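Visitor: Be aware that the sequence shown starts at 44, since it is given in our numbering, and climbs by one per residue.
Where is the CB? At the ideal position from N, CA and C, for every residue including glycine.
Just so you know, these numbers come straight off a predicted model, no measurement behind them.
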Amino acid sequence: MTKIETSWKNKVNRAKAQLDETHKIHLLNFCDDNPQSRIADAVVSLTKKFEDFTLKKTNVRNFMKEEGGLSIKELTLHPKARNDQSKIADRVAWIEKRSKTDMNYLENCIFVDESGFDINMRSPGGWFAIGTPANKTTPSTRAASHTPLMFSTKYVVSMELRNSQEHSSKRLKIDHIICKSKAPS
């Protein structure tokens, strides 16, 4: 081996790493506060916090993955008012009121609650510690609606809402793939 080949393998001759424990703590706190932030946002935060910080996004990403124990996951957002005690009390009161009428809401009815457009749209990914679920409670800016809607099932198409956490299989299951290959010459 030549001198050049041995010098990069020798850890003694390597330059000191620019990211250390203080950077790691800052990045972990930054990702806890802003899980939907991107690597560029983390670099900007490090540049503002520490003087003479000049690393590229790739180095910061590798540090976050290897030293910080973070991974990017698909985020499941839950509105803050979803499990609010006042909203649950409103739902109970609505059901009690409807149960006193002659309407049979237990059969042939569909309830639509929490329907609306959330204006806080961001990409669905976020940085979370490895081994933790990617759930986040967010404040909602949509109009508060405490009136559940009820429809008859006569003209409703069967639909199902899936939670991304239930189907966590990373393997793609593809049926009937037709592969084209070149004919032998």
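Are C11 and L113 touching if we call contact CB-CB under 7 Å?
Guide: Past the boundaries of the shown model lies residue 11; the chain is included only from 44 to 228, so the question cannot be answered.
Visitor: Under 8 Å: do the stretch 62-82 and the stretch 91-103 share three or more Cβ pairs, one atom per stretch?
Guide: Result yes; three or more Cβ-Cβ pairs closer than 8 Å.
Visitor: In angstroms, rounded to a whole number, what distance separates the CA positions of S80 and P176?
Guide: Those two C-alpha atoms are separated by around 17 Å.
Visitor: Among E94, G174, M107, which one has its Cα closest to the Cα of A85?
Guide: Of the listed residues, the one whose Cα sits closest to A85 is M107.
Visitor: Which word fits F142, buried or exposed, when buried means at least 16 other C-beta atoms lie within 10 angstroms of its C-beta?
Guide: Just to set this straight, residue 142 is Ser in the shown sequence, not Phe. Exposed is the call here.
Visitor: According to DSSP, K116 sits in a beta bridge with which residue or residues?
Guide: DSSP output for K116 lists G169 as bridge partner(s).
Visitor: Spatial neighbours of N65 within its chain, please: CB distance less than 6 Å, with the 5 preceding and 5 following residues excluded, ordered by chain position.
Guide: Looking at the sequence shown, residue 65 is not Asn but Thr. Hits under 6 Å: none found.
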